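Enquirer: Structure below; questions to follow.
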Amino acid sequence: MNHDPQIAVLDTNVVLDWLLFGNPQCAPLQQALTTAALRWVATAEMRDELAHVLAGGRLDRWSPDLPLLWSQWNKHCVEVPTPPPASRAARLRCSDPDDQKFVDLAVACGARWLLSRDRAVLKLRRRLREHGVAAVTPDEWVVRT
Numbered sequence: 002m003n004h005d006p007q008i009a010v011l012d013t014n015v016v017l018d019w020l021l022f023g024n025p026q027c028a029p030l031q032q033a034l035t036t037a038a039l040r041w042v043a044t045a046e047m048r049d050e051l052a053h054v055l056a057g058g059r060l061d062r063w064s065p066d067l068p069l070l071w072s073q074w075n076k077h078c079v080e081v082p083t084p085p086p087a088s089r090a091a092r093l094r095c096s097d098p099d100d101q102k103f104v105d106l107a108v109a110c111g112a113r114w115l116l117s118r119d120r121a122v123l124k125l126r127r128r129l130r131e132h133g134v135a136a137v138t139p140d141e142w143v144v145r146t
């Protein structure tokens, strides 16, 4: 029986829902990461994007506990190098260039899951499935696991 954790890529909004907003629908995600059933991978570029969003001031009304948020990132996230660009023929093009990094990483690292609510990412579901990646919302992920 294989007990290796499934690899997941989480887009920035899913990370915010979980670590900033405390969305109760993210409790299963927290549980899967805590029990090592799921292995969350991200790149330094993804961390930088989250830092940029948090520093932008638009989320200040939620009084982010940044030390706690970053400690959770450090505890649960495995940072990996940014994958080399895929050839033009092999690359899945996301209509939102800001989300391309999530798609590229999910494909390059053999992720089982790409958790996102972003329409541009979710439009690639069928093509990502051809690469073994399930692009799903967090709610869909809970149903499928």
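If you read the sequence shown in the numbering used here, its first letter stands for residue 2, the second for the next number, and so on. Cβ atoms here follow ideal geometry from the backbone N, Cα and C, with glycine treated the same way. These numbers were taken from a predicted model, which means no experiment stands behind them.
Looking only at C-alpha atoms, which of Pro6, Asp12 and Leu20 sits nearest to Asp119?
Expert: Locating residue 119 in the sequence shown gives position 118, where the first residue counts as 1. When only C-alpha atoms are compared, the closest one is Asp12.
Enquirer: Go to Arg126, then tell me how far its alpha helix (DSSP H) extends in each direction, as first and last residue.
Expert: Mapped onto the sequence shown, residue 126 falls at position 125. Taken as a continuous stretch (DSSP letters only), the alpha helix (DSSP H) holding Arg126 covers Arg126 to Arg130.
Enquirer: Exposed or buried, Met2, counting other C-beta atoms within 10 Å across all chains shown (16 or more means buried)?
Expert: Counted from its first residue, the sequence shown places residue 2 at position 1. Because Met2 sits at a pLDDT of 45, beneath the cut-off of 50, its placement in the model cannot be relied upon, and the point is left open.
Enquirer: Look at the alpha carbon of Gln73 and the alpha carbon of Arg92, and state the distance between them as a whole number of angstroms.
Expert: In the sequence shown, the residue the question calls residue 73 occupies position 72. In the sequence shown, the residue the question calls residue 92 occupies position 91. Cα to Cα, the separation comes out at about 31 Å.
Enquirer: As a quick exercise: from Leu116, Lys102 and Ala56, pick the residue whose alpha carbon is nearest that of Leu70.
Expert: Here the question's residue 70 lines up with position 69 in the sequence shown. The residue with the shortest Cα to Cα distance from Leu70 is Ala56.
Enquirer: With distances taken from CA atoms, which of Lys76, His77, Val104 and Asn24 is nearest Pro85?
Expert: One-based indexing of the sequence shown puts residue 85 at position 84. Checking every option, the nearest Cα to that of Pro85 belongs to Val104.
Enquirer: For Leu106, which of helix, strand or coil comes out of DSSP?
Expert: Position 105 of the sequence shown holds residue 106. In this structure, Leu106 counts as helix in the three-state DSSP scheme.
Enquirer: Which word fits Trp114, buried or exposed, when buried means at least 16 other C-beta atoms lie within 10 angstroms of its C-beta?
Expert: Against the sequence shown, residue 114 aligns to sequence position 113. Trp114 is buried by the Cβ-count criterion.
Enquirer: With a threshold of 7 Å between beta-carbons, can Ala45 be considered close to chain C, or not?
Expert: In the structure shown, chain C cannot be found, because there is only a single protein chain.
Enquirer: Provide the residue span of the beta strand (DSSP E) that contains Ala52, from first to last.
Expert: The count along the sequence shown starts at 1 and reaches residue 52 at position 51. Here Ala52 belongs to no beta strand (DSSP E); instead the alpha helix (DSSP H) covers Ala45 to Ala56.
Enquirer: Pick out whichever of Val10, Lys76 and Gly58 has its Cα sitting closest to the Cα of Met47.
Expert: Position 46 of the sequence shown holds residue 47. Comparing Cα-Cα distances from Met47 to each of Val10, Lys76 and Gly58, the minimum goes to Val10.
Enquirer: Using the Cβ count rule (16 or more neighbours within 10 Å means buried), how would you classify Pro68?
Expert: Counting from one through the sequence shown, the residue named residue 68 turns up at place 67. Looking at its Cβ environment, which holds fewer than 16 other Cβ atoms inside 10 Å, Pro68 is exposed.
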